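Enquirer:
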Amino acid sequence: MPSQASKIKKIIRFIRPSVRKLKAYTIDETPCRIKLDAMENAGTMPEEIQQEIAEAARTAQINRYPDPSAKQLKQAIAEFWNIDAEKTILGNGSDELIQAIILAFGGPVLFPVPTFAMYEIISRALSQEVATIPLTKDFSLDPDRLIRKARETKARVIFLACPNNPTGNRFSDEAIRKILDKANAAVVIDEAYFDFSGTSFLPSLEAYPNMIILRTLSKIGFAGLRVGALIAAPEVLSELNKIRLPYNINVLSQAAAGIALKHKNVLEQQISLLISERERLYNALSQMPGIVPSPSETNFILFRTDTDATGIYNKLKQAGILVKNLDKPGPLKNCLRVTVGTPEENNEFVRQVQQILATDLHG
């Protein structure tokens, strides 16, 4: 009689080869006192707003399916970002919307690297061909090279994270417009960090029907709610809605996000403080020997060390501070990424890095 192990092995063989070749997206779950690895907003909502959300959760009809199109939340998002609700669909985070785009358009899928890992992970999970070009040494985008690659590969979708993760910089408007003009593909502008750069391609949506814009609520304080937005021509939305999962924004997320977005002044104050802290943190890193931070228009800073970045990462972790370790051969060698936290968290991070560098310098 076949053993349990042989039965499981037989079942595993039915899993598509493209999935079996994948490596799972790993998240460091090390307990820490200061979490600066995931580009979350460390600030919390005022108590009265939290109570308002709690009351909405208390009265939410969780025995019923949610509004399938999340109309009220969509309208709140439209007012918050000054976008057209009729040109918007919502997703369970941007990841679901990225998946919907790739499902709808297919591949090849093209993007510059380094960039957001999910473009590749989702493409390969869906058995779509992936094509990449490297960013320049200063992490700029070469539009001519990308356009050539798009033609060579017959790319159907191009993803451009702008500002880019993990580098933090924003690609030039000229480069992106050139790609929109000349690439025969759907061009997805992922504006996950728009709130920290203030610059968007949204006003050009009418001029470029091949453009799709992504936004998210995760970076401004609602990562736990998992709400992403996709803005595109109504004809494109009509096609994407065919494969969007029903009831994809749950009742509690619709209620909580809808209430929070009504308090735009509070959110704008938090964003303003975060931008101010980003500049302060950038200046502090710039003054450290052997540390070179990259200019950022996001809520994080990528920095390169002239020593062992993984060693610094491990020492920070020992001190209870978690950042993102990007140190591997290639353009991100000896690079770490730190999320901009509260003033107190940023102060402690700076103090610990200075202490690590001083210890390494003096043995």
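Following the numbering used here, the numbering of the sequence shown begins with 779 at its first residue and continues without gaps.
The beta carbon of each residue, even a glycine, is placed where N, CA and C say it ideally should be.
Here the structure is a predicted model, which is why all the values come from computation and not from measurement.
#1: Using only alpha-carbon positions, find the residue among Val1128, Asn1028, Lys1093 that is nearest to Pro844.
#2: Return the residue from the list Glu1055, Cys1113, Asn1112 that minimises the CA-CA distance to Val1128.
#3: Just tell me which of Asp1105, Asn1092, Ile1079 has its CA closest to the CA of Met817.
#4: Short check: CB of Phe1081 to CB of Pro1071, under 8 Å?
#5: Find out if the Cβ-Cβ distance for the pair Lys997, Asp973 is shorter than 8 Å.
#6: Count the other CB atoms, across all protein chains shown, that sit within 10 Å of the CB of Tyr803; report buried if there are 16 or more and exposed otherwise.
#7: Measure the CB-CB distance between Val935 and Phe883 and report whether it falls below 8 Å.
#8: For the pair the region 865-873 and the region 1017-1034, tell me if three or more CB-CB distances fall below 8 Å.
#9: Could you check which residue in Arg1004, Gln782, Asn1125, Pro809 has the C-alpha nearest to that of Gln1178?
#10: Of the residues Arg1004, Ser982, Gly976, Lys927, which one's Cα is nearest the Cα of Ala952?
#11: According to DSSP, is Ile925 part of a helix, a strand, or is it coil?
#12: Apart from the five residues on each side of it in sequence, which residues of its chain come closer than 6 Å, Cβ to Cβ, to Ala848?
#13: When you compare only the Cα positions, how much space is there between Leu1003 and Ala895?
#14: Which of the three DSSP states, helix, strand or coil, is assigned to Lys1102?
#15: Roughly how many whole angstroms lie between the Cα atoms of Pro892 and Leu919?
#16: Indicate the three-state DSSP secondary structure (helix, strand or coil) for Arg1082 in the structure shown.
#17: Looking at the unbroken alpha helix (DSSP H) that takes in Gly1089, where does it start and where does it end?
#18: Measuring straight from C-alpha to C-alpha, what distance separates Ala1062 and Asp1105?
#19: Note down, in chain order, each residue of its chain lying with its Cβ closer than 8 Å to the Cβ of Val1151, except the 5 sequence neighbours on either side.
#20: Report all residues from its chain with a CB closer than 8 Å to the CB of Ala783; omit the five preceding and five following residues, and keep chain order.
#21: What's the gap between the Cα of Lys813 and the Cα of Ala964?
#22: In whole angstroms, what is the alpha-carbon distance linking Ile855 and Glu1075?
#23: Inspect the beta-carbon positions of Gly976 and Pro1073 and report whether they are closer than 8 Å.
#24: DSSP has Arg1115 in a bridge; who is on the other side?
Expert: According to the structure data:
#1: Asn1028
#2: Glu1055
#3: Ile1079
#4: yes
#5: yes
#6: exposed
#7: yes
#8: yes
#9: Because the chain in this structure spans residues 779 to 1141, residue 1178 falls outside the shown range and cannot be described.
#10: The sequence as given places Glu at residue 952; Ala does not occur at that position. Closest by alpha carbon: Ser982.
#11: helix
#12: Leu868, Ile1027, Gln1032
#13: 21 Å
#14: strand
#15: 11 Å
#16: strand
#17: 1087-1096
#18: 21 Å
#19: With the chain covering 779 to 1141 only, the question about residue 1151 has no answer from this structure.
#20: none
#21: 36 Å
#22: 22 Å
#23: no
#24: Leu1080, Lys1102
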